[in-house]
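Structure, rendered in structure tokens:
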């Protein structure tokens, strides 16, 4: 816990009023799609109203909004505003990095075999240039970080991983892994879609970072935050060129961003800043701790390491699709991935949501997928 003293009931009442929760349903799928802030739809409308009234003459307003969003995001990431760029999704960012490297025959790219596809598939083309894709098969969730460090060698050119693993909820120490990458002279490329908005993110030792904003950042599809640090820009040659980054520019943002999406993201950031990032992160930490305690009380131990968690709590079951479907029929929305039921409470959830899930999960039978 962060040392915060929170009035849980007042927090829950004040926050939940702003979100469109259904009274008959518990929503624990923020790792899939986060619920929008109250002004999200109006913010998107603001962009289209400007276009309707002013056409392309409103361009300076759109560009100013993009600068405002960069300035809001920079302290959240520990970078300068001019290091923040916008793309379509996390996959685009990883692909841009992977296709901008001049590979040598003995280069190694270290990934986990059970990673989200965007952290594995973009690197496979490098094998055609003689590079080797080192796929790690994780043994236990709490050893993921150690396995990663053990795999880094003097031949390692890139380490590409999720900050928070999407199927186990395991959070890596970015500084520890990043320092190991620096020692090996390797680039450290991080998919932060399951961390940004859920836990603090510090990019001091990260070279490339990408995160879509539709999960914990509550801002819908079509926009992703990308950061290419100086160390990466010195080594990569952008594979996409356009009016936004003509040669010899080392910028990776090549064209106009999704301006309507940035209007939504700006409104969301304003809302979240009003609540306070430390308080948001602390609330997620409280709710996941409550989930661990409540599950322990019914004899269930999550796969997620309690000391390496973020916002996801993952539980092994016999048939995850059947278990998730049955929980859905009982009014609890969860995710099912890789043989696990996943819950992902955000700050707009409360302890009653967790308890309702645990009660429903505890009553599942083998025929329900438990």
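Residue numbers (full-length UniProt numbering): 1 to 370. Positions of the beta carbon are idealized from the N, C-alpha and C atoms, including for glycine.
Notebook entry, point to check: Thinking just about the alpha-carbon of each residue, which of 25, 105, 209 is nearest to the one in residue 155?
Noted result: Residue 105 is the option with its Cα nearest to residue 155.
Next item on the list: Give the straight-line distance between the Cα atoms of residue 310 and residue 117, rounded to the nearest whole angstrom.
Entry: So the two alpha carbons sit approximately 20 angstroms from each other.
Checklist line | Residues near residue 38 by beta carbon distance below 6 angstroms, same chain, minus five either side | finding: The residues are 18.
Margin query: Suppose you measure from the CA of residue 79 to the CA of residue 364; what does that come to, to the nearest Å?
Written below: The straight-line gap separating the alpha-carbon atoms of residue 79 and residue 364 is approximately 46 angstroms.
Checklist line | residue 171 in three-state terms, based on DSSP | finding: Secondary structure at residue 171: strand, using DSSP grouped into helix, strand and coil.
Notebook entry, point to check: What do you reckon, are the CB atoms on residue 274 and residue 85 nearer than 9 angstroms?
Noted result: In this structure, residue 85 does not lie closer than 9 angstroms to residue 274 by Cβ.
Checklist line | DSSP bridge partner residues for residue 194 (one or two, in chain order) | finding: Residue 194 is bridged by DSSP to nothing; it lacks a bridge partner.
Notebook entry, point to check: Among 176, 134, 262, 284, which residue has its Cα nearest to the Cα of residue 354?
Noted result: The shortest Cα separation from residue 354 among 176, 134, 262, 284 belongs to 284.
Notebook entry, point to check: With C-beta atoms as the reference, is residue 111 less than 9 angstroms away from residue 152?
Noted result: Taking 9 angstroms as the cut-off, the Cβ atoms of residue 111 and residue 152 do not count as close.
Notebook entry, point to check: How long is the line joining the alpha carbons of residue 56 and residue 266, rounded to whole angstroms?
Noted result: Roughly 20 angstroms between the two C-alpha positions.
Next item on the list: Can you give me the Cβ contacts of residue 351 inside the same chain, cut-off strictly under 6 angstroms, excluding the 5 residues immediately before and after it?
Entry: 290.
Item checked: CA-to-CA distance, residue 332 to residue 357, given in whole angstroms -> The straight-line gap from Cα to Cα measures roughly 6 angstroms.
Next item on the list: Quick one: measure Cβ to Cβ for residue 201 and residue 76, integer angstroms, because I've assumed they're closer than 8 angstroms.
Entry: Indeed, because the Cβ distance is near 7 angstroms, the residues count as touching under 8 angstroms.
Next item on the list: Check the Cβ-Cβ distances between residue 35 and every residue of chain D, and say whether any is below 9 angstroms.
Entry: No chain D is present in this structure, which holds just one protein chain.
Margin query: Let me check understanding here. Comparing Cα to Cα, which of 240, 280, 171 lies closest to residue 195?
Written below: In terms of Cα proximity to residue 195, the closest of 240, 280, 171 is 171.
Check: Roughly how many angstroms lie between the CA atoms of residue 101 and residue 193, to the nearest whole one?
Finding: Spanning the two alpha carbons is a distance of roughly 23 angstroms.
Next item on the list: Using the Cα positions of residue 297 and residue 326, report the straight-line distance between them to the nearest angstrom.
Entry: So the alpha carbons of these two residues sit roughly 21 angstroms apart.
Next item on the list: Could you tell me the distance, in whole angstroms, from the CA atom of residue 87 to the CA atom of residue 250?
Entry: Between residue 87 and residue 250, the alpha-carbon positions lie close to 16 angstroms from each other.
Margin query: Three or more C-beta pairs under 8 angstroms: does that hold for the region 120-128 against the region 250-263?
Written below: With a cut-off of 8 angstroms, the region 250-263 and the region 120-128 do not count as touching, because too few Cβ pairs lie within range.
Check: What do you get for residue 223, buried or exposed, if any count of 16 or more other CB atoms within 10 angstroms of its CB means buried?
Finding: Around the beta carbon of residue 223, a 10 Å sphere encloses 16 or more other beta carbons of the protein chains shown; the residue is thus reported as buried.
Notebook entry, point to check: Can you list, in chain order, the residues of its chain whose CB lies under 7 angstroms from that of residue 318, leaving out five sequence neighbours each side?
Noted result: The answer, listed in chain order, is 366, 369, 370.
Check: To the nearest angstrom, how far is it from the Cα of residue 67 to the Cα of residue 82?
Finding: Each residue's Cα considered, the two are about 9 angstroms apart.
Check: Nearest-angstrom Cα distance between residue 287 and residue 293?
Finding: It is roughly 10 angstroms from the alpha-carbon of residue 287 to the alpha-carbon of residue 293.
Item checked: Run of the alpha helix (DSSP H) containing residue 284, from where it starts to where it stops -> Unbroken alpha helix (DSSP H) run through residue 284: 277-297.
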